[in-house]
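Remarks on the structure that follows.
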Amino acid sequence: MTSSLRFLWPWLALAMLFAGAPQIYSSGSALTMMSVMGEMIIFALSFNMLLGQTGLLSFGHAVYFGLGGFVAIHAMNALIRAKVGVPVVVIPLVGGAAGLAFGVLFGLISTRRAGLVFSMISLGLGELVSSSSFILRSFFGGEEGITTNRTKLAPFFGHKFGSQIEVYYLVAVWCFFCIAAMYALTRTPFGRMCNAVRENGERVEYVGYSAQTIRFIAFSFSAFFAGIAGGLTAVNFEIMNAQQLGAQQSGLVLLMSYIGGIGHFAGPILGAILITFLQITLSDVTNAWQLYFGLLFIGFVLFAPGGLAGWLMLHRDAALKRELWRLAPAYGMVAPALAASFAGAVMLIELAERQLALARSEGSAMRLFGFEVDAASMGPWLMGLVLFCGGVGLTWLVWPKVTGAWGSLTSA
Amino acid sequence: MGVALALIDLNKSFGLTQIIRGVSLQVAAGERHAIIGPNGAGKSTLFHLISGRLAPTSGEVRLNGERIDGLPPFEIYRRGLSRSFQITNIFPRMSVYENLRCATLWSLGHKYAFWTPLDRLRDVRERTDWLMECIGLTARRDVQAAVLTYAEQRALEIGVTIGGGANVVMLDEPTAGMNAGESEQAVALIRQVTEGKTLVMVEHDMDVVFNLADRISVLVYGRVIATDTPARIRENDEVREAYLGQASGA
Chain L
50 MTSSLRFLWP
60 WLALAMLFAG
70 APQIYSSGSA
80 LTMMSVMGEM
90 IIFALSFNML
100 LGQTGLLSFG
110 HAVYFGLGGF
120 VAIHAMNALI
130 RAKVGVPVVV
140 IPLVGGAAGL
150 AFGVLFGLIS
160 TRRAGLVFSM
170 ISLGLGELVS
180 SSSFILRSFF
190 GGEEGITTNR
200 TKLAPFFGHK
210 FGSQIEVYYL
220 VAVWCFFCIA
230 AMYALTRTPF
240 GRMCNAVREN
250 GERVEYVGYS
260 AQTIRFIAFS
270 FSAFFAGIAG
280 GLTAVNFEIM
290 NAQQLGAQQS
300 GLVLLMSYIG
310 GIGHFAGPIL
320 GAILITFLQI
330 TLSDVTNAWQ
340 LYFGLLFIGF
350 VLFAPGGLAG
360 WLMLHRDAAL
370 KRELWRLAPA
380 YGMVAPALAA
390 SFAGAVMLIE
400 LAERQLALAR
410 SEGSAMRLFG
420 FEVDAASMGP
430 WLMGLVLFCG
440 GVGLTWLVWP
450 KVTGAWGSLT
460 SA
Chain U
-1 MGVALALIDL
9 NKSFGLTQII
19 RGVSLQVAAG
29 ERHAIIGPNG
39 AGKSTLFHLI
49 SGRLAPTSGE
59 VRLNGERIDG
69 LPPFEIYRRG
79 LSRSFQITNI
89 FPRMSVYENL
99 RCATLWSLGH
109 KYAFWTPLDR
119 LRDVRERTDW
129 LMECIGLTAR
139 RDVQAAVLTY
149 AEQRALEIGV
159 TIGGGANVVM
169 LDEPTAGMNA
179 GESEQAVALI
189 RQVTEGKTLV
199 MVEHDMDVVF
209 NLADRISVLV
219 YGRVIATDTP
229 ARIRENDEVR
239 EAYLGQASGA
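Protein sequences, first through last, are from chains L and U. Under our numbering, the first sequence has 425 at position 376, and the numbering climbs by one with no breaks. Under our numbering, the second sequence has 136 at position 138, and the numbering climbs by one with no breaks.
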């Protein structure tokens, strides 16, 4: 009884989170953002079935997301034209089926080998599909993409999915079941052998398994869920264009998964939420938002390869030992130094962005952290430089305290 | 008793270099057979040819009468032959328990199952617990394989090898790098876990070989120069000259 409760409560909490979120963030833009988050959670988790679970780094995962979305949108248009009474709620499954079909097709080629060869083939297939999207205009719609109108599909128990809240709940339900399904997969014989392939693909063959078959099944599942995410995106935005299956989208899902943490199942969920949030909010605040993404990614690769989830798990372990307090003094010392280097870096980037990109057309006056500054004058540059260099130097000096605090913790 | 493993005129060349030169050998079911020989004699290559890591240039490998040469390793494993590695070859970032569990799944028929929850498989749990007990690592159940001691990793290597209950077990230098005490324990473990099975092992430690083996084959420059009982191998002049004399002189 208690064990089934322990098993169930995280899922109940997740379901309540999905159900309750629109009560707290009810604005139209928040609902759109949360819908995108749900789609990206599925996409990032599907990517991590390959990278985190099976040890396959794909540079072309958006292919399955995008093709799923395109097939879904064509299916919607076809259903509207034929006036077939299929509700929009099953459309993501069409995307999933398309993702699966292309996953099986391309997986047969790309999963023959692991490691670098797999990555290179995924890159090649990604380029192949994204370049063909400019040739096959009737399917991909060229520059404008393909549009649809989801409200013209058959209503589902009276819901026509015209409002964003209805779409949000559609995404939420799909997202919940996809998370559950992908989690369940990790807890099966197949899921465990995926980990074994990641750890040592050679030895797997000496306990009876074909590593290639495991890679192929993992790849097919992964493409299926990516297709569902693409189908949901098609339903949400009612438009698909070639960008959504291109290299940038493939890079984005890698970024999300890695920053969230590929070593933990929940990592990509955190990454998808954080990056989607930043992508939408940051692009309103600064033109250099993509640069920040790049820096964030490099920062995680260098300093926190376990991602957000890895970082959180470390602190959870410390909290379980009731020793979190030991870290507080060191964190207190390093926090101002980190904050200063961060503020300095932001200042320098924003000033540079202003001077290099916008000064000629819009002048060098700008707002930085709420202050009016002139990017052409020395003052703000000097201040940014001092903050950044001083902050980095101070962090470098104080950081041994943090490692020391962690050391005292593990030995205790 | 029938023949468990037969090698018939087996050859392997890498380019112009011939590593295995016409090896023929029969291992009876239930026999403990050791392959000895100086460094570079081709013992590991012979293991790779039998277990499917390499395909022979010519010749046959038969497992219980059925040809297995040129098959991929997993196909050979599924026909009942399992091997260990000279350099420990396990799943480093997985626990002792997970390592052993992976080794049981195929033979218990769970294959690529993606619909059954792993933790509910009673047969897998029981077999894994039994294996862990066998190799003496029950107390280290949740420890990552990478951080085990060397002797523990070697024990785990054997555990993974026998996990699927293969009838023909091949061990590549199971006691290499162990001290006398560890080596003794390893021999006891090998004796126990290969009870009633066919064992083929490559081993450098002559005490281990003469202690464990029913028969010994001596491999020198890719040829088997003698196959006999330990006592008669000890007496064999050619073997002494090629190998044992060299060893005692070193």
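The beta carbon of each residue, even a glycine, is placed where N, CA and C say it ideally should be.
Can the beta-carbon of Ile454 of chain L be found less than 7 Å from the beta-carbon of Met305 of chain L? Inspection of the sequence shows that residue 454 of chain L is occupied by Ala rather than by Ile. Their beta carbons are not under 7 Å apart, which means Ala454 of chain L does not touch Met305 of chain L by this criterion.
Could you check how far apart the C-beta atoms of Thr225 of chain U and Asp203 of chain U are, in whole angstroms? I think they sit under 8 Å. Their Cβ separation, rounded to whole angstroms, is 20 Å, which puts Thr225 of chain U and Asp203 of chain U out of contact at 8 Å.
Determine the direct distance from the alpha carbon of Leu69 of chain U to that of Ala68 of chain L, and round the result to whole angstroms. Note on geometry: alpha-carbon atoms of Ala68 of chain L and Leu69 of chain U lie some 54 Å from one another.
Using 10 angstroms around the beta-carbon of Arg118 of chain U, count the other beta-carbons present and answer buried if the total reaches 16, otherwise exposed. exposed
First through last residue of the alpha helix (DSSP H) which encompasses Glu88 of chain L: Unbroken alpha helix (DSSP H) run through Glu88 of chain L: Gly77 to Asn97.
CB contact check: Arg55 of chain L to chain U, cutoff 7 Å: Answer no: the Cβ-Cβ gap between Arg55 of chain L and chain U never drops below 7 Å.
Asn244 of chain L in three-state terms, based on DSSP: helix
Would you verify that the beta carbon of Tyr148 of chain U is, or is not, closer than 7 Å to some beta carbon of chain L? Cβ-Cβ to chain L under 7 Å: no for Tyr148 of chain U.
CB contact check: Leu234 of chain L to chain U, cutoff 7 Å: yes
In whole angstroms, what is the alpha-carbon distance linking Leu172 of chain L and Phe108 of chain L? 5 Å
Under 9 Å (Cβ pairs) to chain L, residues found in the segment 78 to 96 of chain U: Ser80, Arg81, Ser82, Phe83, Asn87, Ile88, Phe89, Pro90, Arg91, Met92 and Glu96
Can you pull the chain L residues whose beta carbon is under 8 Å from the beta carbon of Pro115 of chain U, in chain order? Within chain L, the residues near Pro115 of chain U are Ala233, Arg236 and Thr237.
Nearest candidate by alpha-carbon position, reference Met83 of chain L, set L:Glu193, L:Met98, L:Ala111 and L:Ala221: Of the candidates L:Glu193, L:Met98, L:Ala111 and L:Ala221, L:Ala221 places its Cα closest to the Cα of Met83 of chain L.
Per DSSP, which one or two residues make a beta bridge with Asn9 of chain U? Asn9 of chain U is bridged by DSSP to U:Arg19 and U:Ser56.
Mind pulling the alpha helix (DSSP H) runs of 4 or more residues that sit fully within the segment 241 to 307 of chain L? 260 to 286
Short Cβ contact (7 Å threshold) for Val218 of chain U with Gly35 of chain U: Their beta carbons are under 7 Å apart, which means Val218 of chain U touches Gly35 of chain U by this criterion.
Chain L residues whose Cβ lies nearer than 8 Å to that of Phe112 of chain U: Leu234, Thr237, Pro238, Phe239, Gly240, Ile266 and Phe270
So the candidates are U:Gln16, U:Val59, U:Gly50 and U:Ile160; which of them puts its Cα closest to the Cα of Gly38 of chain U? U:Gln16
Is the separation between the beta-carbon of Pro71 of chain L and that of Tyr255 of chain L shorter than 7 Å? no
I'd like the ranges of any alpha helix (DSSP H) spanning at least 4 consecutive residues and lying wholly in the segment 196 to 240 of chain L. 213 to 235
Once the 5 residues before and after Val21 of chain U are set aside, which same chain residues still bring their CB inside 6 Å of it? Within the same chain, Leu5, Leu8 and Val222 come within 6 Å of Val21 of chain U by CB-CB distance, once the 5 residues on both sides are set aside.
Cβ of Gly453 of chain L within 7 Å of any chain U Cβ: no
With DSSP as the reference, please indicate the residues paired to Pro136 of chain L in a beta bridge. L:Ala203
Cβ separation of Thr227 of chain U and Arg213 of chain U, assumed to be a contact under 8 Å, to the nearest whole Å: 6 Å
Go ahead and label Cys227 of chain L buried or exposed: buried means 16 or more other beta carbons lie within 10 angstroms of its beta carbon, across all protein chains shown. buried
Establish whether the CB of Trp104 of chain U and some CB of chain L are separated by less than 7 Å. yes
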